[in-house]
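Trainee:
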Amino acid sequence: MIYELRVYRVVQGRMADLLARFEHQTLRIMVRRGFLQAAFWTTIVGRSEQLTYLLAWQSLAQRQEQRAAFESDAEWLAIRKSTEEDDTLIFDIESPLLRSTNFSAAK
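If you count the sequence shown from 1, position 54 lands on 54 in this note's numbering, and the numbers rise without skipping.
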(Lines of atoms letter the chains of each structure in order from A and count residues from 1; the text may use other names and numbers.)
(Lines give C-alpha, C1' and ligand atoms only; values in the text may rest on other atoms or scores of the structure.)
Protein backbone atom coordinates (compact mmCIF):
# COMPACT_ATOMS: atom_id res chain seq x y z
CA MET A 1 0.00 0.00 0.00
CA ILE A 2 0.97 3.57 -0.62
CA TYR A 3 -0.45 6.31 1.58
CA GLU A 4 -1.06 9.88 0.56
CA LEU A 5 -1.13 12.45 3.34
CA ARG A 6 -3.05 15.49 2.07
CA VAL A 7 -2.59 18.70 4.09
CA TYR A 8 -4.73 21.66 3.06
CA ARG A 9 -3.91 25.08 4.42
CA VAL A 10 -7.27 26.79 4.37
CA VAL A 11 -7.98 30.45 3.71
CA GLN A 12 -8.85 32.11 7.01
CA GLY A 13 -12.57 31.94 7.68
CA ARG A 14 -13.25 29.30 4.99
CA MET A 15 -12.82 26.07 6.99
CA ALA A 16 -16.57 25.55 7.47
CA ASP A 17 -17.08 25.93 3.71
CA LEU A 18 -14.34 23.40 2.92
CA LEU A 19 -15.62 20.88 5.48
CA ALA A 20 -19.17 21.21 4.12
CA ARG A 21 -17.92 20.68 0.56
CA PHE A 22 -16.08 17.50 1.57
CA GLU A 23 -18.95 16.14 3.67
CA HIS A 24 -21.77 16.83 1.25
CA GLN A 25 -20.13 16.73 -2.18
CA THR A 26 -16.45 15.81 -2.55
CA LEU A 27 -16.49 12.51 -0.62
CA ARG A 28 -19.27 11.14 -2.81
CA ILE A 29 -17.17 11.76 -5.91
CA MET A 30 -14.04 10.35 -4.26
CA VAL A 31 -15.92 7.13 -3.43
CA ARG A 32 -17.30 6.91 -6.97
CA ARG A 33 -13.75 7.32 -8.31
CA GLY A 34 -12.41 4.51 -6.10
CA PHE A 35 -10.55 6.54 -3.47
CA LEU A 36 -9.98 4.72 -0.18
CA GLN A 37 -9.92 7.29 2.61
CA ALA A 38 -8.53 6.30 5.99
CA ALA A 39 -9.33 9.41 8.05
CA PHE A 40 -9.84 13.17 8.09
CA TRP A 41 -8.62 15.56 10.77
CA THR A 42 -8.77 19.22 11.66
CA THR A 43 -5.94 20.63 13.73
CA ILE A 44 -6.67 21.48 17.38
CA VAL A 45 -3.14 22.54 18.37
CA GLY A 46 -0.99 24.29 15.79
CA ARG A 47 -2.21 25.80 12.57
CA SER A 48 -5.95 25.98 13.14
CA GLU A 49 -7.01 26.55 9.54
CA GLN A 50 -5.73 23.18 8.32
CA LEU A 51 -7.48 20.05 7.07
CA THR A 52 -5.45 16.84 6.90
CA TYR A 53 -6.57 13.53 5.46
CA LEU A 54 -5.09 10.18 4.55
CA LEU A 55 -5.77 8.14 1.42
CA ALA A 56 -4.61 4.58 0.71
CA TRP A 57 -3.63 3.33 -2.75
CA GLN A 58 -2.67 -0.11 -4.05
CA SER A 59 0.04 1.41 -6.28
CA LEU A 60 1.35 4.65 -7.75
CA ALA A 61 -0.31 3.72 -11.04
CA GLN A 62 -3.70 3.37 -9.34
CA ARG A 63 -3.25 6.74 -7.65
CA GLN A 64 -2.29 8.44 -10.89
CA GLU A 65 -5.23 6.95 -12.80
CA GLN A 66 -7.85 7.67 -10.15
CA ARG A 67 -6.60 11.17 -9.31
CA ALA A 68 -6.61 12.07 -13.02
CA ALA A 69 -10.19 10.81 -13.33
CA PHE A 70 -11.22 12.81 -10.25
CA GLU A 71 -9.50 16.02 -11.38
CA SER A 72 -11.28 15.87 -14.77
CA ASP A 73 -14.66 14.76 -13.38
CA ALA A 74 -17.34 17.16 -14.68
CA GLU A 75 -19.32 17.05 -11.44
CA TRP A 76 -16.21 17.84 -9.36
CA LEU A 77 -15.22 20.71 -11.65
CA ALA A 78 -18.71 22.24 -11.36
CA ILE A 79 -18.71 21.87 -7.56
CA ARG A 80 -15.28 23.42 -7.24
CA LYS A 81 -16.24 26.34 -9.46
CA SER A 82 -19.48 27.02 -7.59
CA THR A 83 -17.91 26.77 -4.12
CA GLU A 84 -14.99 29.03 -5.03
CA GLU A 85 -16.88 31.78 -6.90
CA ASP A 86 -16.16 34.37 -4.21
CA ASP A 87 -12.68 33.17 -3.24
CA THR A 88 -10.54 30.06 -3.13
CA LEU A 89 -10.86 27.80 -0.09
CA ILE A 90 -7.28 26.50 0.02
CA PHE A 91 -4.07 28.47 -0.39
CA ASP A 92 -1.56 25.62 -0.12
CA ILE A 93 -1.58 21.84 -0.49
CA GLU A 94 1.08 19.44 0.73
CA SER A 95 0.73 15.87 -0.52
CA PRO A 96 3.58 13.50 0.33
CA LEU A 97 3.27 9.85 -0.75
CA LEU A 98 4.32 7.44 1.99
CA ARG A 99 5.33 3.79 2.17
CA SER A 100 5.06 1.75 5.37
CA THR A 101 8.19 0.52 7.09
CA ASN A 102 8.52 -3.21 7.77
CA PHE A 103 7.74 -2.58 11.48
CA SER A 104 4.62 -0.44 10.89
CA ALA A 105 1.17 -1.59 11.95
CA ALA A 106 -0.11 -0.18 8.64
CA LYS A 107 0.96 -2.38 5.77
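Don't be surprised by glycine CBs; every beta carbon is placed ideally from N, CA and C.
Quick check for students: name the residue ranges of the beta strand (DSSP E) that lie wholly in the stretch 6 to 77, counting only runs of 3 or more.
Mentor: 36 to 42 and 50 to 57
Trainee: Please list, in chain order, all residues of the same chain as ALA106 whose beta carbon is under 6 Å from its beta carbon, the five residues on each side excluded.
Mentor: Taking the first residue of the sequence shown as position 1, residue 106 is located at position 106. Excluding residues within five positions, the ones whose Cβ falls inside 6 Å are SER100.
Trainee: Looking only at its own chain, which residues have a Cβ that is under 6 Å from the Cβ of ARG6, when we skip the five neighbours before and after it?
Mentor: For the purposes of this step, residue 6 is taken as residue 6 along the sequence shown, with counting starting at 1. Around ARG6: TYR53 and SER95.
Trainee: With contact counted as at least three CB pairs below 8 Å, one residue from each stretch, are the stretch 29 to 38 and the stretch 82 to 97 in contact?
Mentor: Segments in contact, no.
Trainee: Bridge partners of LEU89, per DSSP?
Mentor: Against the sequence shown, residue 89 aligns to sequence position 89. Within the DSSP bridge table, the entry for LEU89 names no partner.
Trainee: Shortest alpha-carbon distance to LEU51 belongs to which of ILE93, ARG63 and MET1?
Mentor: Counted from its first residue, the sequence shown places residue 51 at position 51. Cα-wise, what sits closest to LEU51 is ILE93.
Trainee: Are the Cβ atoms of ILE90 and VAL31 separated by less than 9 Å?
Mentor: For the purposes of this step, residue 90 is taken as residue 90 along the sequence shown, with counting starting at 1. For the purposes of this step, residue 31 is taken as residue 31 along the sequence shown, with counting starting at 1. Their beta carbons are not under 9 Å apart, which means ILE90 does not touch VAL31 by this criterion.
Trainee: Report all residues from its chain with a CB closer than 6 Å to the CB of GLN172; omit the five preceding and five following residues, and keep chain order.
Mentor: What the structure shows of the chain is the stretch from 1 to 107, and residue 172 is not part of that stretch, so it cannot be assessed.
Trainee: Around the C-beta of ARG47, are 16 or more other C-beta atoms found within 10 angstroms, so that it is buried, or is it exposed?
Mentor: One-based indexing of the sequence shown puts residue 47 at position 47. Exposed.
Trainee: Output yes or no for whether 9 Å exceeds the beta carbon distance between ARG33 and PHE70.
Mentor: Looking up residue 33 in the sequence shown gives position 33. Looking up residue 70 in the sequence shown gives position 70. Yes, these two residues count as a Cβ contact at 9 Å.
Trainee: LEU97: buried (16+ other C-beta within 10 angstroms of its C-beta) or exposed?
Mentor: For the purposes of this step, residue 97 is taken as residue 97 along the sequence shown, with counting starting at 1. The residue is exposed, with fewer than 16 neighbouring Cβ atoms inside 10 Å.
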